[in-house]
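Numbering (our numbering), first residue to last: 27 to 245.
All C-beta atoms, glycine included, are put in the ideal place defined by N, C-alpha and C.
Computed from a predicted structure; not experimentally measured.
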């Protein structure tokens, strides 16, 4: 590869990291509370409210059921409103974050549901309020699953960012399409695939190590 292509590869890698990290943080900040709300308002939850649970679940399922490429196009007006353009890396962050948040919310919900009900009942018996249960029981006990789910979300975002790159968002997907596919530069395509594999494996490795540290059951 020429120095110019290496520079393009590095720039595209940075754009992919940005399109993964920023929506990832947003999905964590917004998705975890949504997952908590689903668990708390579910039947038998400490803040049981069937109506809120159904409405929230329907909204989350609605966003999750829309293929990302369609969501990407449908959110163009909102993207323009927020970042001022519908093209580029920053424009891709908006639909990526909106797609990742309900996805992660469901993953967090599964992890939170697996918390031993006996621990929750014990804290309630000792006079613990809802916030105490969330802070001292639900989140700490579900933390390994929450981190594992966040790792999966980041890996999914890498794939979605490559798809966004195909329509002008930049990143490794855009590089692979414009040079590897349209210009038949096989070496560029191979380089992009290798970088993506390394990136995904690195994120998964870090996530697995962190989960192993947090999971007291494996100690």
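Endpoints, the alpha helix (DSSP H) within which residue i is located
i	result
residue 48	29-66
residue 230	212-240
residue 163	Where residue 163 is concerned, there is no enclosing alpha helix (DSSP H), given that its DSSP letter is neither H nor E.
8 Å Cβ shell around residue i - same chain, five flanking residues per side excluded
i	result
residue 221	35, 39, 198
Close-in-space but distant-in-sequence residues of the same chain around residue i (CB under 6 Å, 5 per side omitted)
i	result
residue 116	109
residue 233	177
Contact test: residue i Cβ vs the ligand NAP heavy atom, cutoff 7 Å
i	result
residue 142	Of ligands this structure carries none, so the ligand NAP is not represented either.
Spatial distance of residue i from residue j (CA atoms)
i	j	result
residue 225	residue 156	39 Å
residue 41	residue 29	18 Å
residue 146	residue 163	7 Å
residue 245	residue 239	Per-residue confidence for residue 245 stands at a pLDDT of 47, beneath the threshold of 50, marking its modelled position as unreliable; no derived number is given.
residue 230	residue 135	21 Å
residue 78	residue 166	25 Å
residue 266	residue 123	Because the chain is modelled from 27 through 245, residue 266 falls outside the range shown and cannot be assessed.
residue 141	residue 81	24 Å
residue 203	residue 64	40 Å
residue 56	residue 148	29 Å
residue 130	residue 179	6 Å
residue 67	residue 159	14 Å
Assigned exposure category for residue i - 16 Cβ within 10 Å defines buried
i	result
residue 173	buried
residue 152	exposed
Neighbourhood of residue i by C-beta, 7 Å cutoff - its chain only, sequence neighbours within 5 removed
i	result
residue 106	112
Under 8 Å between C-beta atoms of residue i and residue j
i	j	result
residue 86	residue 132	yes
residue 189	residue 95	yes
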